[in-house]
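Everything below concerns the one structure shown next.
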Amino acid sequence: MPEAHPDHVGLPALYGAEVTAFRRRWKLHVIAPGPEVVVGPVDLGPADTMVVPRPEDPGRYMIDLEGEEVPVLPRETAVHQLEAHGFVVAEEARDDSKRDHGWTQVASALWTAPCRPTR
Numbered sequence: 054m055p056e057a058h059p060d061h062v063g064l065p066a067l068y069g070a071e072v073t074a075f076r077r078r079w080k081l082h083v084i085a086p087g088p089e090v091v092v093g094p095v096d097l098g099p100a101d102t103m104v105v106p107r108p109e110d111p112g113r114y115m116i117d118l119e120g121e122e123v124p125v126l127p128r129e130t131a132v133h134q135l136e137a138h139g140f141v142v143a144e145e146a147r148d149d150s151k152r153d154h155g156w157t158q159v160a161s162a163l164w165t166a167p168c169r170p171t172r
């Protein structure tokens with residue numbers, strides 16, 4: 054996994070990655086502090102794999118879905134596309150046991166992760 058650009062190490066993660074299911078497709082955006090979109094939309098594929106999440110699942114501490122079926126986050130694809138576009142999920146978020154490798158579910162089909170540029 055690439056590392057954040059040295060100019061951004063030790064600073065707060067000012068960029069945010071968002072992965073959302075829209076019209077049955079996963080889309081990735083990276084939002085700058087502005088808040089303008091600096092990457093996206095990047096298509097991550099179909100949102101056709103569903104799961105009934107549990108509150109104790111990593112990344113779901115902010116949302117209570119009460120048995121609702123939700124699409125499964127394509128985390129590996131999202132991380133690969135982030136890296137391909139010059140970003141990496143912030144290390145402190147990846148190390149947070151409450152998150153799913155840095156990702157947090159904030160709506161039934163919306164995940165976010167703080168990120169930093171690599172270039």
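Take the sequence shown: its position 83, counting from 1, is numbered 136 in our numbering, and each next residue is one higher. All residues carry an ideal CB built from backbone N, CA and C; glycine is no exception. A quick note: this is a predicted structure, and the numbers were derived from the prediction, not measured.
Buried or exposed for residue 123, please, with buried defined as at least 16 other CB atoms from any protein chain shown within 10 angstroms of its CB. buried
Put residue 67 into one of helix, strand or coil per three-state DSSP. coil
Does the Cβ-Cβ distance between residue 102 and residue 162 come in under 9 Å? no
Among 55, 71, 56, the one whose alpha carbon lies nearest that of residue 156: 71
Look at the alpha carbon of residue 153 and the alpha carbon of residue 112, and state the distance between them as a whole number of angstroms. 5 Å
Could you check what DSSP says for residue 171 in three-state terms: helix, strand or coil? coil
With a cut-off of 8 Å on the beta carbons, I'd call residue 78 and residue 99 a contact; round off their distance for me. 6 Å
Can you check the region 85 to 112 for any beta strand (DSSP E) of at least 3 residues that lies completely inside it and give the ranges in chain order? 90 to 99
Ordered along the chain, which non-local residues of its own chain (more than five positions away) have a Cβ less than 7 Å from that of residue 127? 79, 97, 98
Coil, strand or helix - residue 175 by DSSP: In the structure as shown, the chain starts at 54 and stops at 172, and residue 175 therefore has no counterpart that could be examined.
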